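Residue numbers (this note's numbering): 194 to 596.
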């Protein structure tokens with residue numbers, strides 16, 4: 194069986210432009226949350242989110258095409274370019290034996306929001322003629338393929354919060370099976386538009402204060418946005434060209450609850466984690482750190498903690514578990530790739546990033562995550578979890594590459 198390794202990572206998040214800025218913020222526990230206000234929404238209640246900084250977005254647009262692209266595509270391309278550069282690849286490194294898999298939950302939300310509002314106010318107004326190409330969910334994947342001349346499989350996975358994790362998992366399976374030699378995989382989301390934000394508000398899952406996963410007093414999630422990409426390729430191809438090998442993507446598991454659309458089932462999450470560990474040829478005790486889905490909602494943490502307990506048993510007490518969503522926000526279709534990059538860096542430095550804003554153990558959960566300050570961990574494997582609305586669960590296991 195072919196081994197699949199990561200040779201490049203790239204990120205454009207609220208923490209800044211670049212994967213290093215994402216990891217530094219996550220490791221040091223520095224939140225990218227900022228005030229966000231929509232004048233169009235006089236009833237706005239939640240006013241914090243991890244939005245892309247305007248100056249970073251301006252820098253990304255210098256190599257973008259605003260006439261043809263939404264913010265999501267500009268963000269995706271910025272992340273992909275960084276990943277490809279770190280991998281030491283140019284256009285010659287791609288082609289028919291390569292693929293692209295990019296996850297997104299919303300597609301061009303900003304373009305959709307702006308044009309639908311324009312139409313609602315005046316049906317005779319001129320809507321952007323490029324509205325559909327900008328909005329379509331696969332735009333980021335297609336533009337990435339065009340940027341690097343990828344003529345192999347180009348796919349978009351849209352499974353809410355599991356989109357990017359499933360994208361990386363599918364890319365890993367394609368490389369492992371010999372369908373492609375290498376793949377650009379990840380996720381992108383730029384959903385902080387007035388109507389989308391309002392829709393999340395009325396769902397009543399966002400905190401009006403601070404996001405604090407697994408903590409007593411937690412009361413909701415914080416939205417974020419951004420993009421993250423990884424270059425996956427065969428070990429053989431990476432070694433042949435002397436590429437840097439950051440980690441091995443060793444295991445992937447995905448399941449469906451087939452139950453409630455919004456209420457997670459711990460059985461499905463546990464099955465995904467167990468499948469990823471088995472796929473990697475490891476035991477639960479081999480995992481040193483888990484980047485949890487950890488949204489900060491009461492329901493998620495109840496389910497995820499029970500799932501972790503079913504998989505890790507007594508080992509859970511000594512396992513480093515944290516959620517970095519209070520730092521980079523819940524970027525929905527992109528967040529799995531963002532967190533996978535965090536997990537890979539945690540593995541390389543053997544440092545578990547903290548769950549910031551943590552007030553204390555919730556007795557109903559009985560789990561004490563890495564709270565507020567990063568801490569070292571032992572072990573040569575890490576896990577990253579994404580559990581989505583719709584009952585879709587996905588877990589990835591990365592292993593330290595030792596040749």
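The C-beta atom is built at its ideal place from N, Cα and C for all residues, glycine as well.
Predicted model, so just to flag it, every value in this text is computed and none were measured.
Look at residue 205 here: in three-state DSSP terms it is strand.
Here residue 550 is not bridged, per DSSP, to any residue. Going by DSSP, residue 531 is part of the alpha helix (DSSP H) stretching over 528 to 542.
Residues 353, 354, 454, 455 of the same chain have their beta carbon placed closer than 8 Å to that of residue 582, with the five preceding and five following residues left out of the count. The residue among 510, 553, 244 with its C-alpha nearest the C-alpha of residue 525 is 244. If the five residues before and after residue 280 are omitted, its C-beta is found closer than 7 Å to the C-beta atoms of 200, 201, 424, 436, all from its own chain and listed in chain order. Residue 205 holds the alpha-carbon nearest to the alpha-carbon of residue 273 among 505, 205, 219, 262. Assignment of residue 497 by DSSP, reduced to helix, strand and coil, places it in the helix class. With a cutoff of 8 Å on beta-carbon distance, residue 209 and residue 249 are scored as near each other. Counting the other CB atoms within 10 Å of its CB gives residue 266 a total of 16 or more, which places it among the buried residues. Beta-bridge partners of residue 296 (DSSP): 350, 380. Comparing alpha-carbon positions, the option among 555, 474, 567, 379 lying closest to residue 219 turns out to be 567. Note: residue 514 is bridge-paired with 483 in the DSSP secondary-structure output. For residue 237, same chain residues with a beta-carbon under 8 Å away, outside a window of 5 residues either side, are 230, 231, 390, 391, 394 in chain order.
For residue 566, the secondary structure class from DSSP, reduced to helix, strand or coil, is coil.
Under the DSSP definition of a beta bridge, residue 423 partners with 202, 378. Under the Cβ criterion (8 Å, minimum of three pairs), the region 355 to 365 counts as touching the region 529 to 544. Between residue 580 and residue 457, the CB-CB gap stays under 8 Å.
By the Cβ criterion, the region 306 to 324 is not in contact with the region 366 to 378, since fewer than three pairs of Cβ atoms, one from each stretch, lie closer than 8 Å. When 412, 574, 471, 407 are compared, the shortest CA-CA separation from residue 499 is found for 407. Residue 228 is bridged by DSSP to 241. With respect to residue 489, residue 405 sits close: the two C-beta atoms are nearer than 8 Å. Beta-carbon to beta-carbon, residue 295 and residue 343 are separated by about 11 Å, too far to satisfy the 8 Å threshold. Counting of Cβ neighbours within 10 angstroms places residue 223 among the exposed residues, the total staying below 16.
DSSP, read as helix, strand or coil, puts residue 490 in coil.
Remark: C-beta atoms of residue 242 and residue 416 approach each other more closely than 8 Å. For the options 466, 368, 562, the alpha carbon positioned closest to that of residue 289 is the one of 368. Looking from the CA of residue 544, the closest CA among 305, 512, 256, 559 belongs to 512. The region 377 to 464 is shown to contain whole beta strand (DSSP E) runs of 3 or more residues at 419 to 427, 440 to 449, in chain order.
With respect to the 8 Å criterion, residue 226 and residue 522 are classified as neighbours on the basis of their beta carbons.
Taking the Cα of residue 339 as reference, the smallest distance to any Cα among 329, 309, 363, 287 is reached at 287. Here residue 325 carries a helix assignment [DSSP, helix/strand/coil]. When rounded, the separation of the alpha-carbon atoms in residue 517 and residue 317 is 45 Å.
Across the set 535, 469, 559, the C-alpha of 559 shows the shortest separation from the C-alpha of residue 507.
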